[in-house]
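In the numbering used here, the protein residues as written are 1207 to 1591. Every residue, glycine too, gets a C-beta built ideally from N, C-alpha and C. Keep in mind the model is a prediction, meaning the values are calculated, not measured. Some notes on the structure that comes next.
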């Protein structure tokens, strides 16, 4: 993707003027086996039978032992792994220490994580302010907070911290909502799942997100002493409830405080604009960020934020089940979807996009898009872009 000032164009490196049989040179090489990463995501024996198991797991690179090298955390995401598989490596939690030579060592139990535990995603932040990255584990069961004691040793302090959100967790964001120097926590929740599918769906069908009631998100304020309080009501975020898939904090209206962008599944997404004191007003439609392609709700999955057109302002990208959105900033707090000009829809045809990130893949000074694609109701492989 090469972007001139004020322009937005997406290009696959080496994709122009290729013969039908030629391919661009690879930018990356798969070294999973050589690195010693043996964690796997394992579906239940019956496969994907409901919306819970369709959401998968996550991973995070973070320096947990303060040696300057990124370690790896994996959350398998499986609710009920295959009983015939090694549960420690199929759907469980894993921690891998970077050995500084391109390989990793499994230190799950040594660092204090239960390998048989479940989880969907990790978030890392120094909420104590002691220089160590602490961890928050997002799960369908109560989320968990781990304090980093140094050297990678972790201690579960969920009860003491008061942040054991028991909802269907899907994503979180640590951010300073009131400018006091302490990191607060937004927990994005999905839906109120029931094991018994609604009667209007045939047996064996996979009901979509609208079959279940939306679940409220939670906002925890950091008291500054390692504990948090639920301020979802007074902050204003409890005024609406969607089916959240992702949340990111950024100054979207350029008033020098942290706002929140919450992507929702099959319903309009939310933008919570911050007044600087930790009070929020939902403004997704006003900002132009509530809907996807064609001006309708989509299965919005993940967010990328960065300056795509080199104009000094933040732009926003979204992965979804259609073709993705590229929201260009046109005024403070106002965005316009210009995906049609970017070439992204052509690249994402017939894809369901999940994980999503912006980074400079080819080190040419501009941001590229990486998107992870996969089948929605069946594990049919789809090419990542």
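When the Cα atoms are used, residue 1530 and residue 1465 turn out to be separated by approximately 22 Å. When 1572, 1577, 1567 are compared, the shortest CA-CA separation from residue 1234 is found for 1567. Positions of the alpha helix (DSSP H) runs, each at least 4 residues long and wholly inside the stretch 1349-1426, are given as 1364-1367 in order along the chain. DSSP places residue 1535 within a strand segment (E or B) once states are collapsed to three. A straight line joining the alpha-carbon of residue 1238 with that of residue 1371 spans about 33 Å.
Residue 1334 and residue 1544 have their C-alpha atoms some 41 Å from each other. No Cβ-Cβ contact shorter than 8 Å links residue 1469 with residue 1493. The stretch 1379-1390 makes no contact with the stretch 1319-1326, as fewer than three CB pairs between them are under 8 Å.
The three-state reading of DSSP puts residue 1278 in strand, counting E and B together. C-alpha of residue 1311 to C-alpha of residue 1499: approximately 44 Å in a straight line. In the DSSP assignment, residue 1300 falls within the unbroken beta strand (DSSP E) covering 1299-1304. Rounded to whole angstroms, the separation of the alpha carbons of residue 1581 and residue 1421 is 24 Å. For residue 1239, the enclosing alpha helix (DSSP H) starts and ends at 1238-1241. Between the C-alpha atoms of residue 1427 and residue 1323 there is a straight-line separation of about 27 Å. Residue environment for residue 1535: buried (at least 16 other C-beta atoms within 10 angstroms of its C-beta).
Annotated three-state conformation of residue 1460 is coil, per DSSP.
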